[in-house]
Amino acid sequence: MSTATAFDPKTEVIKSLTDTTKMYLSDLAWIPEDKLGLAPMGKARPPLEFTAECAGFNKFVAAVAQGEEREVPSEEARQAYYASVDTLEKAKQELSSSVDALVAALEALDHEALFRATTTPWGMESTVYQLATMCSRHMAYHDGQLNYIQALYGDDGNHWSD
1 MSTATAFDPK TEVIKSLTDT TKMYLSDLAW IPEDKLGLAP MGKARPPLEF TAECAGFNKF
61 VAAVAQGEER EVPSEEARQA YYASVDTLEK AKQELSSSVD ALVAALEALD HEALFRATTT
121 PWGMESTVYQ LATMCSRHMA YHDGQLNYIQ ALYGDDGNHW SD
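Everything in the sequence shown is counted per our numbering, starting at 1 for the first residue and increasing by one.
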(Lines of atoms letter the chains of each structure in order from A and count residues from 1; the text may use other names and numbers.)
(Lines give C-alpha, C1' and ligand atoms only; values in the text may rest on other atoms or scores of the structure.)
Protein backbone atom coordinates (compact mmCIF):
# COMPACT_ATOMS: atom_id res chain seq x y z
CA MET A 1 0.00 0.00 0.00
CA SER A 2 1.48 3.30 -1.09
CA THR A 3 1.51 6.29 1.23
CA ALA A 4 2.42 8.68 -1.58
CA THR A 5 0.06 11.56 -2.13
CA ALA A 6 -0.57 13.52 -5.27
CA PHE A 7 1.37 16.72 -5.69
CA ASP A 8 -0.91 19.75 -5.48
CA PRO A 9 0.95 22.77 -6.86
CA LYS A 10 -1.33 25.33 -5.23
CA THR A 11 -0.93 23.76 -1.78
CA GLU A 12 2.83 23.54 -2.23
CA VAL A 13 3.34 27.12 -3.37
CA ILE A 14 1.16 28.42 -0.53
CA LYS A 15 3.17 26.34 1.97
CA SER A 16 6.40 27.67 0.49
CA LEU A 17 5.16 31.25 0.77
CA THR A 18 4.00 30.88 4.38
CA ASP A 19 7.11 28.96 5.50
CA THR A 20 9.48 31.46 3.87
CA THR A 21 7.57 34.37 5.40
CA LYS A 22 7.81 32.84 8.87
CA MET A 23 11.59 32.41 8.56
CA TYR A 24 12.01 35.89 7.07
CA LEU A 25 10.05 37.60 9.83
CA SER A 26 11.97 35.71 12.49
CA ASP A 27 15.30 36.79 11.03
CA LEU A 28 14.16 40.37 10.52
CA ALA A 29 13.27 40.63 14.20
CA TRP A 30 16.82 39.68 15.23
CA ILE A 31 18.49 42.58 13.48
CA PRO A 32 18.96 45.46 15.94
CA GLU A 33 16.14 47.92 15.37
CA ASP A 34 18.54 50.84 15.06
CA LYS A 35 20.25 49.01 12.15
CA LEU A 36 17.15 48.18 10.08
CA GLY A 37 17.27 51.40 8.08
CA LEU A 38 21.04 51.49 7.65
CA ALA A 39 23.04 50.37 4.63
CA PRO A 40 25.53 47.82 6.01
CA MET A 41 29.11 48.79 5.22
CA GLY A 42 27.72 51.94 3.59
CA LYS A 43 26.88 50.13 0.33
CA ALA A 44 24.36 47.33 0.91
CA ARG A 45 20.64 47.99 0.88
CA PRO A 46 18.92 48.50 4.24
CA PRO A 47 16.77 45.59 5.49
CA LEU A 48 13.66 47.78 5.65
CA GLU A 49 14.07 48.68 1.99
CA PHE A 50 14.39 45.17 0.64
CA THR A 51 11.62 43.98 2.95
CA ALA A 52 9.37 46.64 1.41
CA GLU A 53 10.49 45.45 -2.02
CA CYS A 54 9.40 41.89 -1.16
CA ALA A 55 6.03 43.11 0.12
CA GLY A 56 5.49 45.25 -2.96
CA PHE A 57 6.28 42.39 -5.32
CA ASN A 58 3.98 40.04 -3.38
CA LYS A 59 1.15 42.58 -3.68
CA PHE A 60 1.87 42.99 -7.37
CA VAL A 61 1.64 39.23 -7.98
CA ALA A 62 -1.54 39.01 -5.88
CA ALA A 63 -3.11 41.59 -8.18
CA VAL A 64 -1.94 39.69 -11.28
CA ALA A 65 -3.42 36.49 -9.80
CA GLN A 66 -6.74 38.29 -9.46
CA GLY A 67 -6.61 39.23 -13.13
CA GLU A 68 -5.80 42.90 -12.64
CA GLU A 69 -3.76 44.69 -15.27
CA ARG A 70 -0.75 46.18 -13.53
CA GLU A 71 2.13 48.37 -14.59
CA VAL A 72 5.55 48.40 -13.03
CA PRO A 73 5.58 51.27 -10.52
CA SER A 74 7.80 54.22 -11.36
CA GLU A 75 11.12 54.55 -9.59
CA GLU A 76 9.69 57.50 -7.64
CA ALA A 77 6.65 55.48 -6.53
CA ARG A 78 8.86 52.55 -5.47
CA GLN A 79 11.20 54.80 -3.50
CA ALA A 80 8.26 56.53 -1.77
CA TYR A 81 6.82 53.14 -0.80
CA TYR A 82 10.18 51.91 0.49
CA ALA A 83 10.57 55.09 2.56
CA SER A 84 7.09 54.59 4.07
CA VAL A 85 8.17 51.24 5.53
CA ASP A 86 10.36 52.85 8.17
CA THR A 87 9.92 50.68 11.29
CA LEU A 88 10.14 47.02 12.18
CA GLU A 89 6.41 46.91 12.86
CA LYS A 90 5.53 48.44 9.49
CA ALA A 91 7.90 46.04 7.73
CA LYS A 92 6.40 43.03 9.49
CA GLN A 93 2.86 44.24 8.76
CA GLU A 94 3.57 44.96 5.09
CA LEU A 95 5.25 41.60 4.48
CA SER A 96 2.59 39.64 6.38
CA SER A 97 -0.34 41.38 4.73
CA SER A 98 1.24 41.02 1.28
CA VAL A 99 1.61 37.26 1.73
CA ASP A 100 -1.91 37.02 3.12
CA ALA A 101 -3.21 38.82 0.01
CA LEU A 102 -1.19 36.57 -2.29
CA VAL A 103 -2.33 33.39 -0.53
CA ALA A 104 -5.98 34.52 -0.69
CA ALA A 105 -5.61 35.28 -4.41
CA LEU A 106 -4.04 31.87 -5.05
CA GLU A 107 -6.68 30.04 -3.01
CA ALA A 108 -9.39 31.58 -5.21
CA LEU A 109 -7.87 30.15 -8.39
CA ASP A 110 -8.68 26.84 -9.99
CA HIS A 111 -5.91 24.78 -11.61
CA GLU A 112 -6.46 26.32 -15.03
CA ALA A 113 -6.25 29.89 -13.72
CA LEU A 114 -3.14 29.06 -11.68
CA PHE A 115 -1.36 28.01 -14.86
CA ARG A 116 -2.80 30.55 -17.28
CA ALA A 117 -0.19 32.31 -19.37
CA THR A 118 0.46 35.95 -18.70
CA THR A 119 3.01 38.49 -19.81
CA THR A 120 4.46 40.61 -17.04
CA PRO A 121 4.80 44.36 -17.53
CA TRP A 122 8.54 43.80 -17.94
CA GLY A 123 7.88 41.43 -20.85
CA MET A 124 8.43 38.03 -19.24
CA GLU A 125 6.11 35.19 -20.22
CA SER A 126 4.97 33.41 -17.09
CA THR A 127 2.09 31.80 -15.24
CA VAL A 128 0.56 32.89 -11.96
CA TYR A 129 2.10 29.77 -10.40
CA GLN A 130 5.57 30.72 -11.62
CA LEU A 131 5.17 34.29 -10.34
CA ALA A 132 4.02 33.01 -6.94
CA THR A 133 7.06 30.71 -6.69
CA MET A 134 9.19 33.70 -7.66
CA CYS A 135 7.74 35.56 -4.65
CA SER A 136 8.84 32.77 -2.33
CA ARG A 137 12.32 32.62 -3.87
CA HIS A 138 12.58 36.41 -3.73
CA MET A 139 11.85 36.43 0.00
CA ALA A 140 14.28 33.53 0.57
CA TYR A 141 17.01 35.43 -1.31
CA HIS A 142 16.52 38.50 0.87
CA ASP A 143 16.26 36.33 3.98
CA GLY A 144 19.80 35.20 3.21
CA GLN A 145 20.80 38.85 3.21
CA LEU A 146 19.11 39.30 6.58
CA ASN A 147 21.15 36.40 7.96
CA TYR A 148 24.37 37.89 6.62
CA ILE A 149 23.54 41.32 8.03
CA GLN A 150 22.74 39.67 11.37
CA ALA A 151 26.22 38.13 11.35
CA LEU A 152 27.85 41.47 10.49
CA TYR A 153 26.34 42.83 13.69
CA GLY A 154 27.68 39.91 15.72
CA ASP A 155 24.74 37.49 15.77
CA ASP A 156 25.57 34.25 14.00
CA GLY A 157 22.66 32.25 15.45
CA ASN A 158 19.88 30.57 13.52
CA HIS A 159 16.59 31.95 14.84
CA TRP A 160 14.05 30.19 12.65
CA SER A 161 12.66 28.22 15.57
CA ASP A 162 12.60 31.21 17.96
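The beta-carbon is built from N, C-alpha and C at its ideal position, and this holds for glycine as well.
message: Using only the alpha-carbon positions, how far apart do M41 and T18 sit?
response: 31 Å
- request: With DSSP as the reference, label T87 as helix, strand or coil.
  value: coil
Candidates V72, A55 and W30: closest to A101 by CA position: A55
- prompt: Which two residues bound the contiguous beta strand (DSSP E) that contains S126?
  reply: E125 to T127
- prompt: Just checking my contact of L88 with E12 at CB under 8 Å: how many whole Å lie between their CB atoms?
  reply: Contact doesn't hold; Cβ gap of about 30 Å is too wide.
- prompt: Straight-line CA distance for A80 to E125?
  reply: 28 Å
- request: Return helix, strand or coil for T51, following the three-state DSSP convention.
  value: helix
N- and C-terminal bounds of the beta strand (DSSP E) containing A29: A29 -> not in any beta strand (DSSP E); alpha helix (DSSP H) instead, spanning P9 to A29.
query: What residues in its chain sit with their C-beta under 8 Å from that of E75, if we drop five residues either side in the sequence?
result: none
message: For a test of the three-state rule: what should DSSP assign to T118, helix, strand or coil?
response: strand
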